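Novice:
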Amino acid sequence: MKFAIVVHGAPYSDQAARSAYLFARSVIEEGHEIYRIFFYHDGVYNANLLSVPPQDEAYIESDWASLGREHQLDMVVCISSALRRGILNEAESNRYERVGTSINPIFTVSGLGQLIDAAIQADKLVTFGV
């Protein structure tokens with residue numbers, strides 16, 4: 053079965069991001085496919101390269117990056133949500149004349165068309181958070 057996952061929750065504000073991560077890992081472990089993971093609204097904070105949680109706490113941003121790298125996942129952050137929250141790749145940083153980037157390079161920045169495509173291509177679309 054082919055899944056698409058939408059993450060609305062920020063890493064540390066509620067359980068949505070962690071639940072989505074554990075679900076994605078389980079999907080892969082059960083032999084299913086993940087077509088795309090789309091991070092929307094506060095979910096784009098999961099792509100933040102600059103956050104540093106205390107050493108004794110979960111580091112969900114790193115968990116997402118490792119999962120994406122290990123399984124070559126298509127992990128997309130919504131461009132308008134990302135810009136609004138200061139999550140910038142190099143192109144957007146240059147475009148808006150900002151200093152530096154704040155997105156983990158395993159993530160790509162794109163528009164809502166990628167979410168629509170994921171909903172069409174996947175057998176199941178599963179959303180975490182509101």
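Quick note on numbering: our numbering labels position 64 of the sequence shown as 116, and the sequence is numbered without any gaps.
Each residue gets a CB set at the ideal place from its N, CA and C atoms; glycine is no exception.
Quick caveat: nothing in here was measured; it's all calculated off a predicted structure.
#1: Y193 lies in the alpha helix (DSSP H); which residues open and close that run?
#2: Does the stretch 150-168 touch the stretch 131-141, meaning 3 or more C-beta pairs lie closer than 8 angstroms?
#3: Would a C-beta distance cut-off of 8 angstroms place A171 and A76 closer than the cut-off?
#4: State the start and end residues of the unbroken beta strand (DSSP E) segment that holds A56.
#5: Are S71 and F180 close, meaning C-beta to C-beta below 8 angstroms?
#6: Comparing alpha-carbon positions, which option in Y111, D126 and N98 lies nearest S154?
#7: DSSP beta-bridge partners for T179?
#8: Would you decide whether G152 is buried or exposed? Buried here means 16 or more other CB atoms lie within 10 Å of its CB.
Specialist: So, from the listed chains and residues:
#1: This structure does not reach residue 193, given that the chain is present from 53 up to 182, and the question cannot be answered.
#2: Touching, yes, given that three or more Cβ pairs across the two stretches are closer than 8 angstroms.
#3: No, they are not a contact pair.
#4: Secondary structure note for A56: its beta strand (DSSP E) is the uninterrupted segment K54 to V59.
#5: Yes; because the gap between Cβ atoms is below 8 angstroms, this pair is in contact.
#6: Minimum Cα distance to S154 is reached at N98.
#7: According to DSSP, residue pairing for T179 in a beta bridge involves V58.
#8: So G152 ends up on the exposed side.
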